[in-house]
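Here is the structure we will look at, set down as structure tokens.
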Amino acid sequence: MDGCRVSSSHIQATQFLVGLALITGLPAALPALPLELTVVYNSLLFVMGTSDRVVEGEAEGIRQGLLRVLEACGSSGQDLSTEELWQKVLQEVTDEELRAPLHRLAALQAAWWLATSRLQSVTGLFQLLSSAEDSGRAPCSRGENKLLALLKAWRVPAKGASTSLVQSAENLKETLCTAAAFLQGLQELEAGNLPAALSLLQKAAGGFCSKRVLAQIYTCLGCCAQQMGKPQTALQHLKRALQVDFQCLPALSHVAAVYQELGETDAELQALGLLYEALEKNPPSAASFSPYFLIRTELLVHTPILTSLLRRRQPSEVKYLLAQRCLQEGRVADAVEHYLDFLAVLQEGLQQQVPLDGGSALPRIPEAFLEAASALEQDGRHRDAITLCEEVISRTTDLIPRALLLVEEGLEQPESPSPGTGLAGGLLSQKRESLHCLTWRAAAYLHQGWAWVKLGENKEAITQFSRCLSELLRFPLCGPGAEPRGNLLAEVEVLQKIRLLSLIGRGTQFLELGKHKEALLDFQYGLQVSPGDPAAASYLVQALWKLNRKQEAAAHWQKHLERPTGEDGQQEGQGRPFPLYLVSCVKQAAFPQRESLARSIQDYLRTMSQDPFS
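Using the numbering used here, the letters of the sequence shown map in sequence onto residues 1 to 614.
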């Protein structure tokens, strides 16, 4: 039945266009203009309504119709903008027979302007329409949205007995009101005016639209409430979106984000699991249109913020998010399972399922490998972690220059554009990519080192930590003139952390083998790389103590460790967060005997204060 209606619609559209061509081939005449404008209205409705986007030719059709009106009245407006053309027509044309067709054409113009986010033009047009009426209506009340007030106050022209319309002006008015509220709500949301956004989106939710659009509006309401710091209200809106249309899967993605904000990990992971299952079972399908209404709200609302809020995740993204969140929350076994599933997708070469756009939740592929290795390591699968890291090392072998120096002053991002900016930016981009490859390769050796530590293979662990440090020699992190600057600061901080963790790792293995002097050198260098780091300082004090250099050990203790640094002995609030794949290494490098060492140092200091000559 629907197919018959659509076919019939296309036949009627062809007939209207043929009729329009015949009419416009004649000189413009006032008696024929009502019919001509009705044909323009109907034909453009078909063109707009059966398309998935608005095109320039549609607005040109309206413009030509207005020029025909002026021509029939003995006037001209070729040099006027569309806004000026409407103003001239509505102010100069007073023929009562043209009132209804012009109002209908104005509604169609408003639809086109809404679809191109020209809200100010729509407001101006409906001000003209209202001033053309004999109005004693109340003005827009304080606090009321001006455009919505004008749209609601617009008196829909009565359809003549002989007039055939493919979509009524009443229906078009309702669609315009809903779209105007939705668009303005999105604008306010993007601008950060959240109470205004909430009010407008609520008006849109009470308007005339399909279930699909209503679910989108509730999703936007949920995002707005979340930004307002009302997570429970956000959940109500998002759940309402799913009740209206369960295919609105972006709402489920936002539900997971709200639960994460609330710290309800079980609910968050359950939402992500449901999202993954739904995406696997229901791949995205092409949007269908209703044969009953040609101009629909979804045709008029296209903005970047809506595209962002309603972005449909790929199954691979959700699988990765499940793995990442499980690892972050210490659910290691689940994390391993999800990471291996995700890596299987990568290994099978299903790149079409791995989005690479800026909005993707996916990391770079080597980072995903390193995170998986970290999960395997924490799960006790040390040899599997070593194998996975070897994959990262082999794939980055030829991607790093033999020597990678600090970026020169001239390659830093300039404060203002200059003729050489493009070249400098390209070189800086290459430098950053080389640093990324170096970081991944060094981190892989670091993970292998700690995995061998867990396997009790001290010498093999020392070898891997040494390889990590050798890689980092390509990039001078310390020394005169090597202070990281500008755009490379984040990358350099990660490399410094990897170097510190490798030095601590190798030093601890030297201690295990009784090589206290070699261990001492590593810990001293670690403090140079990261001054004041509590783990490096604690190991340094321990090495000095084992070498019976107790006075030096006590001095370093008082300098670096006497003041509390947090429950876990780590400095808090220092720098930016490090990559997830380094978290397990940071935990392994933490000094495990802080209280015991503290008691020994304090006993020694008390003894020295009582008998300074002992």
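The C-beta atom is built at its ideal place from N, Cα and C for all residues, glycine as well.
Small disclaimer: the values here were computed from a predicted structure and weren't measured.
Legend entry - leucine 221 at chain B interface by Cβ criterion, 9 Å: Annotation note: the requested chain B is absent from the structure, which comprises a single protein chain.
Legend entry - Collapsed DSSP secondary structure at serine 131 in the structure displayed: Helix at serine 131.
Inset, instruction - Between the Cα of aspartate 79 and those of Ala72, Leu67 and Cys73, spot the shortest distance and give me the residue it belongs to. - result: Per the C-alpha coordinates, the member of Ala72, Leu67 and Cys73 positioned closest to aspartate 79 is Leu67.
Inset, instruction - Compute the beta-carbon to beta-carbon distance between leucine 435 and glutamate 491, rounded to the nearest angstrom, for a pair I have assumed lies under 8 Å. - result: Separation of the CB atoms of leucine 435 and glutamate 491 is rounded to 4 Å, and the pair is thereby assigned contact status at 8 Å.
Inset, instruction - Report back the beta-carbon spacing between glutamine 542 and asparagine 458 to the nearest angstrom; my notes put them in contact at under 8 Å. - result: With a Cβ gap of about 17 Å, glutamine 542 and asparagine 458 do not count as contacting.
Inset, instruction - Closer than 7 Å by C-beta to valine 602: which residues in its own chain qualify, once you throw out the five before and the five after it? Chain order, please. - result: Reading off the sequence shown, one finds glutamine at residue 602, where the question assumed valine. Correct list: empty, nothing qualifies.
Inset, instruction - Report the option in Glu390, Leu150 and Glu261 whose CA atom is closest to the CA atom of serine 130. - result: Leu150
Legend entry - Distance between glutamine 524 and leucine 547 (C-alpha atoms, nearest Å): 14 Å
Inset, instruction - Report the rounded CA-to-CA distance for glutamine 87 versus arginine 99, giving the unit in angstroms. - result: Cα to Cα, the separation comes out at about 14 Å.
Legend entry - Close Cβ partners of isoleucine 386 (< 7 Å) along its chain, the five nearest in sequence each way excluded: Gln448 and Ala451
Inset, instruction - Take every Cβ of the segment 191 to 200, pair it with every Cβ of the segment 301 to 314, and state whether three or more of those distances are shorter than 8 Å. - result: no
Legend entry - Local conformation of serine 609 per DSSP, three classes: helix
Legend entry - Pairwise C-alpha distance: leucine 561 and proline 534: 7 Å
Legend entry - Separation of valine 47 from lysine 281, as counted between CA atoms: 34 Å
Inset, instruction - Taking only the alpha-carbon atoms, compute the straight-line gap between glutamate 144 and leucine 183 and give it to the nearest angstrom. - result: 16 Å
Inset, instruction - Could you tell me which uninterrupted alpha helix (DSSP H) segments, each at least 4 residues in length, are contained entirely in the segment 70 to 103, listed from first to last along the chain? - result: 82 to 92
Legend entry - Option nearest lysine 173 by Cα separation, candidates Pro531, Leu186, Pro157 and Gly514: Pro157
Legend entry - Opening and closing residue of the alpha helix (DSSP H) in which asparagine 145 lies: Segment: none, asparagine 145 is in no alpha helix (DSSP H) and carries neither H nor E.
Inset, instruction - With a 10 Å radius around its C-beta and 16 neighbouring C-beta atoms as the bar for buried, classify arginine 606 as buried or exposed. - result: exposed
Inset, instruction - Report yes if the CB atom of valine 332 is closer than 9 Å to the CB atom of cysteine 326, and no otherwise. - result: Yes. Within cutoff.
Inset, instruction - With distances taken Cα to Cα, identify the nearest neighbour of leucine 242 among Asp266, Ala267, Arg212 and Gln227. - result: Arg212
Inset, instruction - Would you mind giving the Cβ-Cβ distance between serine 600 and tryptophan 545, rounded to the nearest angstrom? I have them listed as a contact below 8 Å. - result: 7 Å
Legend entry - Pairwise C-alpha distance: glutamine 528 and alanine 537: Rounded to whole angstroms, alanine 537 and glutamine 528 show a C-alpha spacing of 10 Å.
Inset, instruction - Starting from the Cα of threonine 94, find the closest Cα among Ala215, Ala553 and Leu30 and give me that residue. - result: Leu30
Inset, instruction - Could you tell me whether the segment 215 to 223 touches the segment 245 to 259, using the rule of 3 or more Cβ pairs below 8 Å? - result: yes
Inset, instruction - Could you spell out the range, first to last residue, of the alpha helix (DSSP H) harbouring leucine 300? - result: 297 to 300
Legend entry - Proximal residues to tyrosine 320 (C-beta, below 6 Å), its chain only, five neighbours per side dropped: Phe342 and Leu362
Legend entry - Within 9 Å, strictly: CB atoms of glutamate 84 and glycine 74: no
Inset, instruction - Under 6 Å Cβ to Cβ from proline 366, same chain only, skipping five residues before and after it: list those, please. - result: Val392 and Trp440
Inset, instruction - Report buried or exposed for proline 304, applying the criterion of at least 16 other Cβ atoms within 10 angstroms of its Cβ. - result: exposed
Legend entry - Proximity winner among His237, Ala181 and Leu214, relative to serine 199 (alpha-carbon distances): Ala181
Legend entry - Neighbourhood of tryptophan 557 by C-beta distance below 6 Å, restricted to the same chain and skipping five residues each side: Taken in chain order, the residues that qualify are Val541 and Ile601.
Inset, instruction - With a 10 Å radius around its C-beta and 16 neighbouring C-beta atoms as the bar for buried, classify alanine 271 as buried or exposed. - result: buried
Legend entry - From Ser168, Val89, Leu274 and Gln91, residue whose alpha carbon lies closest to that of serine 104: The sequence given here places arginine at residue 104; serine does not occur at that position. Comparing Cα positions, the closest option is Ser168.
Legend entry - glycine 569 in three-state terms, based on DSSP: For glycine 569, the predicted model reports a pLDDT of 38, less than 50, meaning its position is unreliable; a value from the coordinates is still stated below. The DSSP-derived three-state label of glycine 569 is coil.
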